[in-house]
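The structure under discussion appears below in the form of structure tokens.
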Amino acid sequence: MLNTYLSDAKLAIEQRLPHLLHERHEYLQSVNHWGLDLADSLVEFTGRGKMIRGALVLLGASLYGRPHDEVTLDAAAAMELLQSFLLIHDDIMDEDLQRRGAPSVHARYMEQGSSEGYEHTEHLGLSLGICAGDVSAFLALDILSSLDFEPAALRTLVSLVTREIISVGVAQMNDVSFGFHPSEVVPHDIREVYRYKTGRYTFSLPLSMGAILAGADETACLRLNEIGEYMGIVFQIKDDEIGLYESGEDIGKSPGSDVRENKKTLYRAYLVEAANDNERTRLSTIFGNRQLDEEDLHYIRSLMESHGVRERLDAEMDDLTDKARRLIESLDGVNTETRAVLLELLSYNRARRR
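Position one of the sequence shown corresponds to residue 11 (this note's numbering), numbered consecutively onward.
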């Protein structure tokens, strides 16, 4: 049921997004040639994603009785353009030249600059990538502010979106700065990054957007916010686990990338906390080492097991998942089939391997 729901939602959003950007082609083209090219690029780039967040907008609306229609699909498409904005900027900050099996947006601009005779193409690509991400964000807000929806509720919706994106940006500043500082980060601060960058943005925001469009009250939205935070923290811990333990072929990137990039994850925080002095000394030479080898990765995995770090985080994920499940089951006045989809997503979120 979950796979069918997500694939149907993705198809519907994919079909709607080109129409929304086509409506804005004339304006974009009137500015300069970059505008028209960017609209087409955003359709292609956004379409390569799974569109989970857009699907959650539709799911939030469906929970409270509003079927897929032009308004909910437009909001879902806007959510995916916001996701594209964040991914484009993430790739610049992380110096990633690949995204979704193809060149990242700034890397594509580097290639285009080289082929068209521009100078300083690396800086050109980074600069144009920042611009592209900005435009994607404001296209999303333009779409949202144009929804055919009751004005007061629409103001509530747009205000919610802007506040959450502000929170993502500030949380990202913390996440980025953690990687550049030699000191360890306390688990509470790491959880706050998970809460705002993943929990509230990936789950709470789209679910609440859909619920608002369906006329749900503030109490319902607060409940969805809480569910989303629990699911998002589990999602991020699981992401960290997958990056540490799964093979590169399964996850589409080399295992141990968080170790190489000196990411301050809960796995790392708990490991450093539990390690003895000799182990900490060796760990300090491994975290942030771009030449990480299989022996070093095996050492970290072994310590995770011997110090009970993985077991501890498994228990945390189980607890958060149980809390979310109880809240979902207690939701009043919701569509039972859609509730079942959300519960299935909750289970998948905990068990996924990629």
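Backbone N, C-alpha and C define an ideal beta-carbon position, used for all residues, glycine too.
Coarse secondary structure for Arg109, derived from DSSP in three states:
Stepping through the sequence shown from its first residue, residue 109 is reached at position 99. The answer is strand: DSSP assigns Arg109 an E or B state.
Restricting to Cα atoms, I'd like to know which of Val115, Asp104 and Gly139 is closest to Asp185.
In the sequence shown, counting from the first residue as 1, residue 185 sits at position 175. Nearest option by C-alpha distance: Asp104.
Mind checking which residues open and close the alpha helix (DSSP H) that includes Pro161?
Mapped onto the sequence shown, residue 161 falls at position 151. Unbroken alpha helix (DSSP H) run through Pro161: Pro161 to Phe190.
Would His308 be called buried (16 or more neighbouring beta carbons within 10 Å of its own) or exposed?
On the sequence shown, residue 308 is found 298 positions in, with the first residue counted as 1. Exposed: under 16 other Cβ atoms inside 10 Å.
Would you kindly work out how many angstroms separate the C-alpha atoms of Gln122 and Arg335, rounded to a whole number?
Against the sequence shown, residue 122 aligns to sequence position 112. Against the sequence shown, residue 335 aligns to sequence position 325. Each residue's Cα considered, the two are about 48 Å apart.
Looking at C-beta atoms only, is the number of pairs between the region 208-223 and the region 284-294 that lie closer than 8 Å three or more?
The region 208-223 vs the region 284-294: no contact.
What's the gap between the Cα of Gly238 and the Cα of Ser124?
To locate residue 238, count along the sequence shown from 1; it is residue 228. To locate residue 124, count along the sequence shown from 1; it is residue 114. If I take the Cα positions, the gap works out to 43 Å.
Within 10 angstroms of its Cβ, does Leu232 collect 16 or more other Cβ (buried), or is it exposed?
Looking up residue 232 in the sequence shown gives position 222. Classification of Leu232: exposed, given that the 10 Å Cβ count is below 16.
Lys20 (DSSP reduced to helix, strand or coil)
Your numbering for residue 20 matches position 10 in the sequence shown. DSSP places Lys20 in helix when its eight states are reduced to three.
Any alpha helix (DSSP H) of 4 or more consecutive residues that is wholly inside the region 262-319
267-270, 276-284, 287-296 and 304-316
Once DSSP output is grouped into helix, strand and coil, what is the label at His130?
On the sequence shown, position 120 is the one that residue 130 refers to. DSSP places His130 outside both helix and strand once states are collapsed to three, so it counts as coil.
CB contact flag (Lys207, Val178, <7 Å):
As a first step, residue 207 must be located in the sequence shown, where it is residue number 197. As a first step, residue 178 must be located in the sequence shown, where it is residue number 168. Closer than 7 Å, so yes.
With burial defined as no fewer than 16 other Cβ atoms inside 10 Å of the residue's Cβ, what is the status of His43: buried or exposed?
For the purposes of this step, residue 43 is taken as the residue at position 33 of the sequence shown. Label assigned to His43: exposed.
Closest by CA to Met61, which one among Glu305, Leu134, Glu90 and Gly189?
Counting from one through the sequence shown, the residue named residue 61 turns up at place 51. If you compare the alpha carbons of Glu305, Leu134, Glu90 and Gly189 with that of Met61, the shortest gap goes to Glu90.
Does DSSP classify Asp79 as helix, strand or coil?
Looking up residue 79 in the sequence shown gives position 69. It is coil, neither helix nor strand.
Can you say whether Tyr119 is buried or exposed, counting buried as having 16 or more other CB atoms within 10 angstroms of its CB?
Residue numbering aside, residue 119 sits at position 109 when the sequence shown is read from its first letter. The residue is buried, with at least 16 neighbouring Cβ atoms inside 10 Å.
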